[in-house]
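In terms of the working numbering, the sequence shown has 245 at position 149, counting the first letter as 1, and numbering is strictly consecutive.
Idealized CB from N, CA, C, for every residue including glycine.
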Amino acid sequence: MQVTIIPASSSVGRATVRALLASPSQPVVRAIYRDVEKAPEEFRQNPRFQAVRGDVGSGDLDFGASEAVLYVPPMVVDGSDVDEFATRAATNVKRAIRNAGTVKRLISQSALGSNREGNGILRINTITDELLRDAAPRTFIIRPCTFYDTWKPALEAVLKGAGSFESYLSPVDWKVPMVSVRDIASHCVRILLDDVGDLSNDDVWVFGPRLYSSEDVREAIETATGKKVEVKSVPREDLASWWGKHVPEKYVPELTEFTLFQLEGGAVTADYTYDDKTVRCGRELVEEFREWVSQTH
97 MQVTIIPASS
107 SVGRATVRAL
117 LASPSQPVVR
127 AIYRDVEKAP
137 EEFRQNPRFQ
147 AVRGDVGSGD
157 LDFGASEAVL
167 YVPPMVVDGS
177 DVDEFATRAA
187 TNVKRAIRNA
197 GTVKRLISQS
207 ALGSNREGNG
217 ILRINTITDE
227 LLRDAAPRTF
237 IIRPCTFYDT
247 WKPALEAVLK
257 GAGSFESYLS
267 PVDWKVPMVS
277 VRDIASHCVR
287 ILLDDVGDLS
297 NDDVWVFGPR
307 LYSSEDVREA
317 IETATGKKVE
327 VKSVPREDLA
337 SWWGKHVPEK
347 YVPELTEFTL
357 FQLEGGAVTA
367 DYTYDDKTVR
377 CGRELVEEFR
387 EWVSQTH
């Protein structure tokens, strides 16, 4: 069995490749990169791993004889028009699936809130989901929430001596769903390998074991590092200027809208529930932080 991951350099793509290579089902993993030199050496050493050059933007894609495909739409931060890029990339993926003629299952890795209005930068997922919904005999749309990885720079800064970190979630006790990339990958592998007999929904949320606040993040950092730290929550009215320090000006309005979308009163907060459309994963935030700390020592 052959599975394609595109782009394999994304965090979910990389974790899914790793999980597939460790699977007792032993699938052949076709990992697509714009630059194949970015394929990790740990993957290259596995005879079932194929690093293949490809680009969703240009349409230079070959899925070989794959039965399943995971597509993770790249975020756009290079000045390109989000709507145009999302449409072009998804159309290219759809064409590559048709050209392969062997794909039975497609996962479109979307995001929590991509099916709601006013979602800002998540429009790339909204467009992708609609264009790919009928691209394969069975298409799965998985909507993860905030990744634990979001807080890795804060953890690394604390390890280097920082006494505080900033959080775009306000107030500090406001809780949102968060999840481990490893758990997302595990769910993707089940689908890719056709272990989906008990999955009645093809469109699901993917959450961690519970909701977390900025205070919970602070406590997890302190537990993992043994260091006292302060969390500085960015007020709503300062979000635009805060994003302006991190991304090109063109994307500030969309990212500000996306952030407000997640806070109290935002449209997506109606989805902050565990129901029959929610995959509840088990890895806790502090477990992830402890592992990161152990990898740096």
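Task: Cβ pair ALA192, ASP158 closer than 8 Å - done: Contact flag set, yes.
Task: LEU228 versus GLY109 - alpha carbon distance - done: LEU228 and GLY109: Cα-Cα distance of roughly 18 Å.
TODO: Measure the Cβ-Cβ separation of LEU265 and SER337 and say whether it is below 8 Å.
DONE: No, these two residues do not count as a Cβ contact at 8 Å.
TODO: Measure the alpha-carbon distance for SER309 versus GLY362 and round it to whole angstroms.
DONE: Each residue's Cα considered, the two are about 16 Å apart.
- [ ] Quick one: grab the DSSP three-state call for LYS373.
- [x] Residue state, collapsed to three classes: coil.
Open item on the list: For LEU227, list the residues DSSP reports as bridge partners.
Closed with: Paired residue(s): none; LEU227 is not in a bridge.
Task: For PHE181, three-class secondary structure by DSSP - done: Of the three classes helix, strand and coil, the one that applies to PHE181 here is helix, per DSSP.
Task: Delimiting residues of the beta strand (DSSP E) encompassing ALA164 - done: Unbroken beta strand (DSSP E) run through ALA164: 164-167.
- [ ] Take PRO331 and list the residues in its own chain whose beta-carbon comes closer than 7 Å to its own, dropping the five residues that flank it on each side.
- [x] Cβ neighbours of PRO331 beyond the five flanking positions: SER266.
Task: Buried/exposed call for ASP334, threshold 16 Cβ in 10 Å - done: Residue burial is scored here from C-beta neighbours: ASP334 has fewer than 16 other C-beta atoms within 10 angstroms and is therefore classed as exposed.
Task: VAL165 vs LEU202 beta-carbon contact at 8 Å - done: Yes, Cβ-Cβ distance for VAL165 and LEU202 is below 8 Å.
Task: Environment of GLN141 [buried if 16+ CB atoms lie within 10 Å] - done: Result: exposed.
- [ ] Kindly indicate which residue of SER105, SER206 and CYS241 has the alpha-carbon position closest to the one of THR235.
- [x] Looking at SER105, SER206 and CYS241, the one whose alpha-carbon comes closest to that of THR235 is SER206.
Open item on the list: The beta strand (DSSP E) that contains LYS341, what's its start and end?
Closed with: Neither: LYS341 is in no beta strand (DSSP E) and is coded neither H nor E.
Task: Distance between beta carbons of ALA161 and PHE145, contact taken as under 8 Å - done: Taking C-beta atoms under 8 Å as the contact rule, PHE145 and ALA161 fail to qualify, at a distance of about 16 Å.
Open item on the list: I need the boundaries of the beta strand (DSSP E) containing LEU251, first residue and last residue.
Closed with: From DSSP, LEU251 is part of no beta strand (DSSP E) but of the alpha helix (DSSP H) over 248-255.
- [ ] Can you have a look at PRO170 and say buried or exposed, based on whether 16 or more other CB atoms are within 10 angstroms of its CB?
- [x] PRO170 sits buried, since 16 or more C-beta atoms from the chains shown fall within 10 Å of its C-beta.
Task: Meets three-Cβ-pair contact criterion under 8 Å: the stretch 310-322 and the stretch 242-255 - done: With contact defined as three or more Cβ pairs closer than 8 Å, the stretch 310-322 and the stretch 242-255 are in contact.
Open item on the list: For a quick check, are the C-beta atoms of ARG278 and ARG379 less than 8 Å apart?
Closed with: Less than 8 Å separates the beta-carbon of ARG278 from that of ARG379.
Open item on the list: According to DSSP, simplified to helix, strand and coil, what is TYR129?
Closed with: Assigned with DSSP and collapsed to three states, TYR129 falls in strand.
Open item on the list: Please report the distance separating the alpha-carbon of ILE223 from that of HIS393.
Closed with: Across the structure, ILE223 and HIS393 are spaced so that their CA atoms are roughly 42 Å apart.
TODO: Would you identify the three-state DSSP class for ARG239, choosing helix, strand or coil?
DONE: Residue state, collapsed to three classes: strand.
Task: Residue from THR198, LYS200 and GLY216 whose Cα sits closest to the Cα of VAL172 - done: Nearest to VAL172 by alpha-carbon distance, out of THR198, LYS200 and GLY216, is GLY216.
TODO: For the beta strand (DSSP E) holding ARG201, just list the boundary residues, first then last.
DONE: It spans 201-205 - the beta strand (DSSP E) in which ARG201 sits, taken as one unbroken run.
- [ ] Give me whichever residues DSSP pairs with ARG149 in a beta bridge.
- [x] Looking at the DSSP assignment, ARG149 forms a beta bridge with TYR129.
TODO: Quick one: residues in its chain with C-beta nearer than 7 Å to the C-beta of GLU91, no 5 flanking neighbours on either side, listed in chain order?
DONE: The requested residue 91 is not part of the displayed model; the chain covers only 97 to 393.
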